[in-house]
Amino acid sequence: MFPEWINQSRGSTVSLDLPPNVSHNFLGIILCSRIWSSDKESYSVNVKTNTNDCVWRHGLPSWNTNPDDYTDTPRMILEPRTVFSITDSDESIEFTASMESRENNTVSTESGEITGFHLLYKGDECDSTAV
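First residue of the sequence shown: 26, per this note's numbering; consecutive thereafter.
Below is the structure:
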């Protein structure tokens, strides 16, 4: 489903140990998540870290499409370093995902699922053909 260089993980919360001096070459992170259903007007995957109060929200309207197109759909989200803070004193980072759906001006929230991640560094080479 995802390339081999994606670290496979499952859960609404994922914690990563960070290498020393992580901020020197850190560029961002790729997070993989799964969408269970899109029988609502729209949905978003919200991700929060323990290093700051920033919440990333990635959404997509599901109207005018077949709801089955988004059911159980894997997604890759690229977040650059500028979106959240990591310092050399941080020993770990924790990501928490939730899924929000909207229909008729009503918002409902449930746990999301993070299915994988990859920290990006300067000089990082990924084999984009490995699946």
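For glycine and all other residues, C-beta sits at the position ideal for the given N, C-alpha and C.
Ordered along the chain, which non-local residues of its own chain (more than five positions away) have a Cβ less than 8 Å from that of Phe142? On the sequence shown, position 117 is the one that residue 142 refers to. So the qualifying residues of the chain are Ile31, Asn32, Ser34, Val39, Leu41, Ile54, Ile55, Leu56, Cys57, Phe120.
Could you compute how far the alpha carbon of Phe109 sits from the alpha carbon of Leu144? The residue given as residue 109 occupies position 84 in the sequence shown. The residue given as residue 144 occupies position 119 in the sequence shown. Going from the Cα of Phe109 to the Cα of Leu144 covers about 13 Å.
Give me the DSSP bridge partner(s) of Phe142. As a position in the sequence shown, residue 142 is number 117, starting the count at 1. Phe142 is bridged to Asn32, Leu56.
Asn46 versus Tyr146: straight-line alpha-carbon distance, rounded: Taking the first residue of the sequence shown as 1, we reach residue 46 at position 21. Taking the first residue of the sequence shown as 1, we reach residue 146 at position 121. The alpha-carbon atoms of Asn46 and Tyr146 are separated by roughly 12 Å.
If we call anything under 8 Å between Cβ atoms a contact, is Glu125 one with Thr134? Here residue 125 refers to the residue found at position 100 of the sequence shown. Here residue 134 refers to the residue found at position 109 of the sequence shown. Glu125 is a Cβ neighbour of Thr134, given a cutoff of 8 Å.
How many whole angstroms separate the CB atoms of Ile102 and Ile111, which I take to be in contact at a CB cut-off of 8 Å? Reading the sequence shown from its first residue, position 77 is the one you call residue 102. Reading the sequence shown from its first residue, position 86 is the one you call residue 111. Contact between Ile102 and Ile111 fails: their C-beta atoms lie close to 17 Å from each other, not under 8 Å.
Please state the DSSP three-state secondary structure of Thr112. Residue 112 sits at position 87 when you count from the first residue of the sequence shown. DSSP, reduced to helix, strand and coil, places Thr112 outside both helices and strands of the structure shown, so it counts as coil.
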